[in-house]
Amino acid sequence: MPLALLALAIGAFGIGTTEFVIMGLLPEVASDYGVSIPTAGFLVTGYALGVMFGAPLMTVLGTKIPRKRMLMLLMGLFIIGNLLSAVAPAFSVMLIGRVVASLAHGAFFGIGSVVAADLVAPHKKAGAIAMMFTGLTVANVVGVPLGTLIGQSAGWRVTFAVVAALGVVGLAGVAKLVPDVPKPEGVRLRHELAAFTNVQVLLAMAMTVLGFGGVFAAITYIAPMMTHVAGFADGSVTWLLVLFGLGMVGGNLVGGKFADRALMPMLYVSLGALAVVLALFTLTAHDKIASAVTVFLIGALGFATVPPLQKRVLDHAHGAPTLASAVNIGAFNLGNALSAWLGGVVIAAGLGYTAPNWVGAVLAAAALLLAVLSSALERRQSAARAEAEAVPVAAERRAAAVHH
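So for the sequence shown, the numbering used here puts the first residue at 155; every next one is plus one.
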């Protein structure tokens with residue numbers, strides 16, 4: 155794998171840390187600002203919505219800028235947003251800082267996915283995308299637990315200052331290691347927008363929203379769920395997030411490996427198993443060991459869907475994949491926002507801290523149904539093309555037989 159993938163992974167590490175570390179710090183942030191846990195959950199929802207809207211916006215703005223320079227500008231925006239969060243005097247200001255940082259997220263992963271795929275042979279594209287996303291998953295093993303530990307001991311503001319420093323490292327890595335890839339000739343915004351007329355691209359994005367939304371329905375409220383229901387101490391949340399991160403790393407790499415071999419079967423297995431595990435989490439959350447195992451499995455199964463879904467979008471948006479790739483990253487975060495909001499709704503309704511797990515199970519099951527539908531449509535389209543191609547061939551054979 156090219157060294158440039160390491161630079162992309164470093165940037166992904168910083169972004170992954172700021173995206174997920176807030177979940178382990180929700181109680182501290184809520185207490186500091188005097189807001190409820192569901193209200194503090196808007197820091198997750200706001201970030202996710204910022205990614206969703208920022209992904210296409212920043213990608214369109216960057217269409218006239220070389221990809222490497224755009225990646226560097228995005229990391230700069232990420233640094234500014236995290237510094238603002240670190241010094242925010244009020245909850246509303248922190249929310250603004252989260253949104254500013256989130257604007258870099260979707261476009262970085264979207265453009266980064268295209269760059270990563272272009273650096274390797276066609277049969278290694280999903281693996282290259284997975285390698286970049288490894289930075290995001292490793293953030294959950296190293297960055298998020300350390301950030302949570304720092305936040306619980308030295309204050310959550312210190313955590314966001316450290317995350318901003320990670321952004322500086324990511325910026326330096328991109329500047330040093332990513333090659334100056336020339337912009338593709340002849341690709342205009344209308345070509346990028348044309349990808350959204352492809353039903354398979356839209357279905358893949360819908361699978362992304364629902365499938366990854368299932369993960370975030372449970373994980374957004376992992377801190378109160380594990381401390382109030384499973385009986386863990388506050389400090390144990392850090393190590394539970396390590397387990398979640400380890401699951402993400404393994405699932406991401408396995409998903410990348412098998413997506414290059416059998417993409418749709420990989421989605422069937424991961425989405426189906428995710429729905430079952432999330433449903434069971436309502437029961438296993440009452441036991442420390444069982445809940446820890448379940449948290450690991452949610453991370454593994456959730457991130458096993460990332461490389462195949464991203465590759466499916468790139469495959470069906472071939473020729474002009476940058477905007478579609480970035481919007482699919484936004485789709486991940488639309489799922490995050492939807493599920494974080496729904497999870498807050500069921501908790502606020504008095505259904506308990508395990509109720510978001512049922513929300514996640516339903517979302518993941520819906521994503522599986524869309525995967526089956528997508529595959530069926532693809533088979534029908536392939537059969538129709540084969541039939542259309544067979545008609546002229548048969549006519550030529552008949553004409554040749556008459557001629558002879």
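Idealized CB from N, CA, C, for every residue including glycine.
### Simplified DSSP state of S490, which is helix, strand or coil
According to the sequence shown, residue 490 is Asn rather than Ser. DSSP places N490 in helix when its eight states are reduced to three.
### Query
Thinking C-alpha only, which one of V423, M224, H277 and V447 is nearest W393?
The option with the nearest alpha carbon to W393 is V447.
### Reduced DSSP category for F386 - H, G, I as helix; E, B as strand; rest coil
coil
### Message
If distances are taken between C-alpha atoms only, which option among E182, V481, G504 and S190 comes closest to L356?
### Response
V481
### Query
Quick one: is Q464 buried, meaning 16 or more other Cβ sit within 10 Å of its Cβ, or exposed?
It is buried - the Cβ of Q464 has at least 16 other Cβ atoms within 10 Å.
### Task
Under 8 Å Cβ to Cβ from A184, same chain only, skipping five residues before and after it: list those, please.
The answer, listed in chain order, is S190, I191, T193 and A194.
### Query
Can G251 and A242 be called in contact, C-beta distance under 8 Å?
yes
#### Entry: Complete alpha helix (DSSP H) runs within the stretch 401-446 (minimum length 4 residues, chain order)
Within the stretch 401-446, the runs of alpha helix (DSSP H) that reach at least 4 residues and sit entirely inside it are, in chain order, 417-438.
### Task
Please determine if the stretch 448-462 and the stretch 366-374 are in contact, where contact requires at least 3 C-beta pairs separated by less than 8 Å.
Touching, yes.
### Query
Closest to V513 by CA distance: which of T436, G456, L523 and S479 is it?
T436
### Query
Which word fits L432, buried or exposed, when buried means at least 16 other C-beta atoms lie within 10 angstroms of its C-beta?
The residue is buried, with at least 16 neighbouring Cβ atoms inside 10 Å.
### Task
Identify which residue in V316, G301 and F207 has its Cα closest to the Cα of L237.
V316
### Query
Are A261 and T213 closer than 8 Å when you measure CB to CB?
yes
### Query
Of all the options W495, G170 and M177, which has the alpha carbon lying nearest to the alpha carbon of A377?
M177
### Classification of A443 by the beta-carbon crowding that lies within 10 angstroms, buried from 16 upward
Note that residue 443 is Ile in the sequence shown here, rather than Ala. Exposed is the call here.
### Reduced DSSP category for T199 - H, G, I as helix; E, B as strand; rest coil
T199: helix per DSSP, three-state reduction.
### Query
Out of R223, L517, L249 and M285, which has the shortest C-alpha to C-alpha gap to T362?
It is L517 whose Cα lies nearest to the Cα of T362.
### Message
Would you say G327 lies against chain D (beta-carbon separation less than 8 Å)?
### Response
Protein chain content of the structure displayed is limited to a single chain, and chain D is not contained in it.
### Query
Does the Cβ of A540 have 16 or more other Cβ atoms within 10 Å, making it buried, or fewer, making it exposed?
exposed
### Task
Compute the Euclidean distance between the alpha carbons of G426 and G266, then round it to the nearest angstrom.
29 Å
#### Entry: Candidates F207, R311 and L225: closest to L180 by CA position
R311
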